[in-house]
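>
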Amino acid sequence: MEYKQIQELIKTINKSNISELSIEQGDFKITIKQESAVQTQYVAPPPMPVAQYSPAPAAEAAPAAPAAAAPKPAAPAENDKHIEIKSPMIGTFYRSPSPDKPVFVNVGDEIKKGEVLCIIEAMKLFNEIECEMNCRVIKVVADDSTPVEYDQPLFIVEPI
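Here this note's numbering is used: the first residue of the sequence shown is 35, the next is one more, and so on.
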């Protein structure tokens, strides 16, 4: 199976309701799995953990640690309209299709549903992460060419 065929399979599965696909051709075997995109990419409950840390009866140093670690999740809490777009997989985050090309999105850009936000490379496959709604980019949370974990915030956006 060629690289382009694998990319097309991934794009097709991302746009469908299929959760898993396995293909075997001779010695070649590929399994593609996806999580529910709507529930895993957009989450707005960061205010709850901040509220849970604040009333802790520990010394004042304990609330200071979550406050220091909270700026990234706290940004959506400041404005209820802000939404985090999270990584649907583990891999390497890229803001542009190649080092010599411009980034897909910048802060302040208005993005339409279906437009590519970034690429996540996982096991030598480059997965285009598409936007699930019309929105404006408020902040790029992940750094270019760095590893990202599943469910890690990549962007903070505001629906339009």
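For every residue, glycine included, the Cβ atom is placed at its ideal position computed from N, Cα and C.
For Q186, which three-state DSSP category applies?
In the three-state scheme derived from DSSP, where H, G and I count as helix and E and B as strand, Q186 is classed as coil.
> Have a look at the DSSP bridge pairing and note the partners of I64.
Beta-bridge pairing links I64 to I57.
> Would you grab the beta carbon distance between R170 and G142 for me? Rounded to a whole angstrom, and I think it's under 8 Å.
That pair is a contact at about 7 Å.
> Between the region 40-57 and the region 125-140, are three or more C-beta pairs nearer than 8 Å?
no
> In terms of residue numbering, what span does the beta strand (DSSP E) encompassing E162 cover?
159-164
> Can you tell me where the beta strand (DSSP E) holding I154 begins and where it ends?
150-156
> Pull up the DSSP beta-bridge partners for K173, would you.
I190
> Rounded to whole angstroms, what is the Cα-Cα separation between A99 and I194?
Because A99 carries a pLDDT of 41, less than 50, the predicted location of this residue cannot be relied on, and the following value inherits that uncertainty. So the two alpha carbons sit approximately 34 Å from each other.
> Exposed or buried, N161, counting other C-beta atoms within 10 Å across all chains shown (16 or more means buried)?
buried
> According to the Cβ coordinates, are F145 and V137 closer than 8 Å?
Note on identity: in this sequence residue 145 is Ile, with Phe being the wrong assignment. Contact check for I145 against V137 fails: the beta carbons are separated by 8 Å or more.
> For Q186, which option in K63, Q59, K120, I40 has the closest C-alpha, if you only look at C-alpha atoms?
A check of alpha carbon separations from Q186 across K63, Q59, K120, I40 identifies K120 as the nearest.
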